[in-house]
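Residue numbers (the UniProt record's numbering): 1 to 387. Just so you know, even glycine gets a beta-carbon here, dropped at the ideal spot from N, CA and C.
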């Protein structure tokens, strides 16, 4: 078993790290607190090809896989710039369209993913159903050759920055009469689509929204895959990339927090000549957090490798485990860094407390730690389904 990156992957990691550090956490925080977006960083990453590393070369991308995209997510986060839109646009939407879109949809959308000029966000979560697609209330119904979509979505990231929303709805199967999931590419300026911003206690340049769909009319070619049979596999195609890239972002954030804390504790001297990092009460918690971050990092690498090899079932198990491990490790790392810095840890200047909300959210979304434990208990340990 080889855990080494290829020379090309190493070069990608170094290049993305250098880009992220040119912007840094202060840039990220300034954009978040001013109500701005990280447009400059996104656009430059797109021009350099980092946003399209997982898009096939025939559509202008790098021809890599989820391993490469996870590297981009991790390294930007490790530079203090965790970009949530990397998860919803290149990871989820581009993967869904590449694997299950029609050829016309691939030609239309993938080049924009490749150069970063296109942002597509993802809408599955609903106020009453959460992300349980079996109970989604958003319904698509036929009206001639068109579709009409009605329903509500919540916690939808980055709608104000995107040109399209990839909406998960339910349609009626004419043969069985049962509702089945379908995915639609909905322009953010479509008639009948309205939104309201959710105020969040998270320092982030990406905003969260409630969406209201009131008989939004879409043409037939808005249906991903051009067939209702594509709905379920298309939906699941986006879930593993989502979990793996969220995990990579969490690990990067954990690395960033530990680096900030260890730089501080190695030079901070209060009692005599030794640094505070020489005291085990300071050093051991940081070392423990570093171990947890590295363990999560290895699980992410394993999950991405399995996914890129086409081993979707195994990647699903490892992706869920990676997301759990990374969520816990990132929250531990940031909390430990704040504690190690003392009062300085709560200031904006030192750049760790600004991540507390984000890493706490990482234990909830896009799937909660409890639901991952349910998944592992059922599918790994063979226990009876508990919900």
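What does the Cβ neighbour count give for residue i, buried or exposed, with the cut at 16 atoms within 10 Å?
{"i": "residue 123", "result": "buried"}
{"i": "residue 442", "result": "Residue 442 cannot be examined here, being either before or after the span of the chain that is shown, 1 to 387."}
{"i": "residue 3", "result": "exposed"}
{"i": "residue 424", "result": "Nothing in the structure corresponds to residue 424, since the chain is present only between 1 and 387."}
{"i": "residue 216", "result": "buried"}
{"i": "residue 97", "result": "buried"}
{"i": "residue 373", "result": "exposed"}
{"i": "residue 214", "result": "exposed"}
{"i": "residue 301", "result": "buried"}
{"i": "residue 264", "result": "buried"}
{"i": "residue 327", "result": "buried"}
{"i": "residue 242", "result": "buried"}
In angstroms, rounded to a whole number, what distance separates the CA positions of residue i and residue j?
{"i": "residue 244", "j": "residue 338", "result": "26 Å"}
{"i": "residue 191", "j": "residue 156", "result": "18 Å"}
{"i": "residue 149", "j": "residue 138", "result": "7 Å"}
{"i": "residue 299", "j": "residue 26", "result": "30 Å"}
{"i": "residue 8", "j": "residue 54", "result": "14 Å"}
{"i": "residue 162", "j": "residue 189", "result": "10 Å"}
{"i": "residue 317", "j": "residue 362", "result": "18 Å"}
{"i": "residue 351", "j": "residue 385", "result": "42 Å"}
{"i": "residue 238", "j": "residue 315", "result": "12 Å"}
{"i": "residue 51", "j": "residue 93", "result": "12 Å"}
{"i": "residue 22", "j": "residue 256", "result": "14 Å"}
{"i": "residue 261", "j": "residue 13", "result": "22 Å"}
If you check the beta carbons only, do residue i and residue j fall under 9 Å apart?
{"i": "residue 74", "j": "residue 360", "result": "no"}
{"i": "residue 270", "j": "residue 101", "result": "no"}
{"i": "residue 304", "j": "residue 67", "result": "yes"}
{"i": "residue 194", "j": "residue 211", "result": "yes"}
{"i": "residue 16", "j": "residue 76", "result": "yes"}
{"i": "residue 181", "j": "residue 218", "result": "no"}
{"i": "residue 334", "j": "residue 252", "result": "no"}
{"i": "residue 71", "j": "residue 19", "result": "no"}
Please classify residue i: does DSSP put it in a helix, a strand, or coil?
{"i": "residue 42", "result": "helix"}
{"i": "residue 358", "result": "helix"}
{"i": "residue 16", "result": "helix"}
{"i": "residue 369", "result": "helix"}
{"i": "residue 23", "result": "helix"}
{"i": "residue 212", "result": "strand"}
{"i": "residue 253", "result": "helix"}
{"i": "residue 130", "result": "strand"}
{"i": "residue 329", "result": "helix"}
{"i": "residue 264", "result": "helix"}
Open item on the list: Does the contact criterion of 3 or more C-beta pairs under 8 Å hold for the stretch 283 to 290 versus the stretch 236 to 248?
Closed with: Taking 8 Å as the limit for Cβ pairs, the verdict is that the stretch 236 to 248 does not touch the stretch 283 to 290.
TODO: Say whether the stretch 56 to 66 touches the stretch 108 to 124, bearing in mind that this needs 3 or more beta-carbon pairs closer than 8 Å, one atom from each stretch.
DONE: Taking a cut-off of 8 Å on C-beta distances, the stretch 56 to 66 touches the stretch 108 to 124, as three or more cross pairs fall below it.
- [ ] Indicate whether the contact test is met: 3 or more Cβ pairs, each with one atom in the stretch 19 to 35 and one in the stretch 85 to 96, closer than 8 Å.
- [x] Segments in contact, no.
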